[in-house]
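As given, the protein sequences belong to chains G and A, one line each in that order. First residue of the first sequence: 1, per my numbering; consecutive thereafter. First residue of the second sequence: 1001, per my numbering; consecutive thereafter. Cβ atoms here follow ideal geometry from the backbone N, Cα and C, with glycine treated the same way.
There are 2 protein chains.
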Amino acid sequence: MATRNAATYKDIQRITGLSLATISKFYNGGNVLAANRGLIEAAAESLSYRVNANASSLRRGTSGTVGVLLPTLLNAFHLLVIVGVEKHLREQGISVLVSSNEGESARGASNALDVLLGRQVDGIIAVPAASDLDALARAAESGIPVVTIDWWEEGLHADSVSLDNVDAGWVVGQHIVDHGHQQIGILAGDQSISTMRERRDGFIRALTHNGRTITDDLIMTGPLTVDSGYSNTMQLLASHSRPTVLFAANYDLTVGALIAINESGLRLGADISMVGFDSVELSRVTRPNLTILAQPIDAIAEVAARTMKTRIEENGQPSSFTKERIPGTLIVGASVASLHE
Amino acid sequence: MATRNAATYKDIQRITGLSLATISKFYNGGNVLAANRGLIEAAAESLSYRVNANASSLRRGTSGTVGVLLPTLLNAFHLLVIVGVEKHLREQGISVLVSSNEGESARGASNALDVLLGRQVDGIIAVPAASDLDALARAAESGIPVVTIDWWEEGLHADSVSLDNVDAGWVVGQHIVDHGHQQIGILAGDQSISTMRERRDGFIRALTHNGRTITDDLIMTGPLTVDSGYSNTMQLLASHSRPTVLFAANYDLTVGALIAINESGLRLGADISMVGFDSVELSRVTRPNLTILAQPIDAIAEVAARTMKTRIEENGQPSSFTKERIPGTLIVGASVASLHE
DNA sequence: CTGTTAGCGCCTTCAT
DNA sequence: ATGAAGGCGCTAACAG
């Protein structure tokens, strides 16, 4: 059997004798006689008919599609959020088109964002990627709703939803202080990203609030990669003022730190204490269990989806943008030794 | 500024004075005078024009879009493959629409697959999900190309690409035998999934080939979840004929097994040996490093993308389907004790 | 409640 | 090399 051409209203019309308008009304919630509804349903069933969303989009001028812009460097957290967003949007009848910039040649005429816009997405959900910022800003200013997940950028015409990073940093700092640590290090990551600045700020604020100080040589920065986390940790461990505990403020940094600790032959929660980020699974697999700050993945996804839906329905340039901050959860393992008594 | 309506050929026509046909040719590789090319480019630039992919799809009858069908239970491996597929397809000018069945009410008129088909995807890439099988089979038979990743189903009109599971099982079995183990257990997972049957078969074949036997009570089956891996492992550890080594044949089972081992206070690679699956990061984070069978994620993604592209271009019911099997890699840590001497 | 009509933006003959 | 015209499948007035 050759590739069968999809059925159209015309085919249903041929079978039922009804007009195209009536059939359209049937599919769009208009008033149609019960008898005719039955006819259409039967015809559609026999043809395995499905409304052509492209044609519908063209006519309506809106596609019922949202684009997700992925960064080059992504981790499991981002992917889970995307899946969550898709789930919540699908419940609203909105589909998700995914596009990343990975392997993009800078010269390539069409970047990921252009692809999405060309497909007439009704909105864009963007995950961190500094390189997309300019194009994203232009799109946002032209009136298409943009929601950023996990980051925000001053001046960008977009809503953002993410973990309450300042609070998360604070909670971790407090936890560490409560265990009596004095020499405290942090893998703070890339400080050009709002997310990482906020986590660091909350953390340091908790320390100073409790009378602790943290010297600059114990605040390690660098890219958000496993390698960077590894080398930062190695450096801290070899440091003259070696900390008794360290906080890895991102998933990749956490993995890197754990590897460094393992390779150094140090016992987690005994020779060196640590708090990690993001990976619930990791925290249960290490010995002893790693204490981590876990993100509310589904809540973030849900809020992002809802925000996007609202913006699409408003259909006008909003006067202000929201910054939703959702609290995280400290999952306490046994990787932070108590130095009391 | 209100939501600006996107520019169209008409706008370019107004500026350049050229006909719609010429403009279309410009965008579709036809012959256009250099002077006119310049005019169009300038106009497009000033309007930030982008071809409306929906209108184009409608007219052409092909959308340049591939749908990805996600299962309810997914893990990091699946997501990484999807991202890889997107990357390779984008290089071919094909976009990726994602749809999952998570949170789907069975009564819901439109399942994930219908959504994709309604959007006129040119093909479907499906990741395991027994529940979609019927609908998928119907779609495949109606002529739309289907490529399954990580699994295959007898009789389904689809190509498949995945790890060489039999070989993977064999390699792990051989590794274990080489270390002198006699009492060997396996978390074989859901045996209704081809993937898991193949891994088990290859594994057992390696054992018997080397004169080992494995009794049924050491072959644990169950759903592909962390919980199942955990309870299976607990059961094995409590067993009368407790194995000296176990093989977790999937990512989630691996995580579950590690947690069970940790909670039991056993030392990995000393009190109990183990080989896991999939997670390169996990393997580096455990103490000692976990020996795992790693999948060639990018190769799988690339082959899947290429296969899909080929099928779309063929545009006809193929007479036979391919089963691509890509070899994995055993990453050797120190979680398998040597029982020799 | 149903039908007629006129496009949405683009591509594709067919002329010129 | 360019232009004129028709239509992809659907929806939104507007009549009836």
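- Looking only at Ala130/G, Val83/G, Gln120/G, Ala129/G, the smallest Cα-Cα distance to alanine 1112/A is reached by Val83/G.
- Here leucine 1187/A is bridged, per DSSP, to Met1220/A, Ala1248/A.
- Under the 8 Å Cβ criterion, the stretch 129 to 144 of chain G counts as touching the stretch 66 to 76 of chain G, having at least three qualifying pairs.
- For a Cβ distance threshold of 7 Å, residue set Asp1114, Leu1117, Gly1118 of chain A lies close to arginine 50/G, ordered along the chain.
- Around the beta-carbon of histidine 1340/A, fewer than 16 other beta-carbon atoms lie within 10 Å, marking it exposed.
- Annotation: isoleucine 1023/A to glutamine 1013/A spans about 8 Å, alpha carbon to alpha carbon.
- Relative to the Cα of tyrosine 230/G, the nearest Cα in the group Arg199/G, Ser57/G, Ala188/G, Thr215/G belongs to Ala188/G.
- For aspartate 1159/A, the pairing in a beta bridge is given by DSSP as Val1147/A.
- Alanine 1238/A sits exposed, since fewer than 16 C-beta atoms from the chains shown fall within 10 Å of its C-beta.
- Using a Cβ-Cβ cut-off of 8 Å, valine 255/G is close to Glu1281, Arg1284, Val1285 of chain A, given in chain order.
- Residue-level contact by beta carbon holds for alanine 1076/A and chain G, with a gap shorter than 9 Å.
- Within chain G, no C-beta atom comes less than 8 Å from the C-beta of arginine 1212/A; the nearest is roughly 28 Å away.
- Cβ-Cβ distances below 6 Å link asparagine 289/G to Ser283, Gly333, Ala334 in the same chain, with the five nearest sequence neighbours on each side left out; the list follows chain order.
- Isoleucine 1125/A is bridged by DSSP to Val1068/A, Val1147/A.
- For valine 115/G, the enclosing alpha helix (DSSP H) stretches over residues 112 to 118.
- Alanine 1021/A and tyrosine 1027/A have their C-alpha atoms some 10 Å from each other.
- For the stretch 219 to 235 of chain G, the residues whose beta carbon sits under 9 Å from a beta carbon of chain A are, in order, Val226.
- The beta-carbon separation of valine 275/G and threonine 291/G, rounded to 5 Å, stays under the 8 Å limit for a contact.
- Residue-level contact by beta carbon holds for arginine 1138/A and chain G, with a gap shorter than 9 Å.
- Annotated as distal: isoleucine 1297/A and threonine 1244/A, with beta-carbon spacing of 9 Å or more.
- In this chain, the beta strand (DSSP E) harbouring leucine 293/G covers 291 to 294.
- With its beta carbon at least 9 Å from every one in chain A, leucine 187/G lies outside the interface.
- Using a Cβ-Cβ cut-off of 8 Å, alanine 1035/A is close to nothing in chain G; its nearest Cβ partner there is about 21 Å away.
- For the beta strand (DSSP E) assignment, the uninterrupted runs of no fewer than 3 residues enclosed by the stretch 1277 to 1334 of chain A are, from N- to C-terminal side, 1291 to 1294, 1323 to 1326, 1329 to 1331.
- When rounded, the separation of the alpha-carbon atoms in leucine 1218/A and leucine 1253/A is 15 Å.
- Looking at the backbone, the Cα of leucine 1330/A and that of isoleucine 1272/A are separated by about 19 Å.
- Here the C-alpha atom of tyrosine 9/G lies approximately 16 Å from the C-alpha atom of arginine 1059/A.
- Residue nearest to threonine 1065/A within the set Ile1186/A, Val1285/A, Lys1309/A is Lys1309/A (criterion: CA-CA distance).
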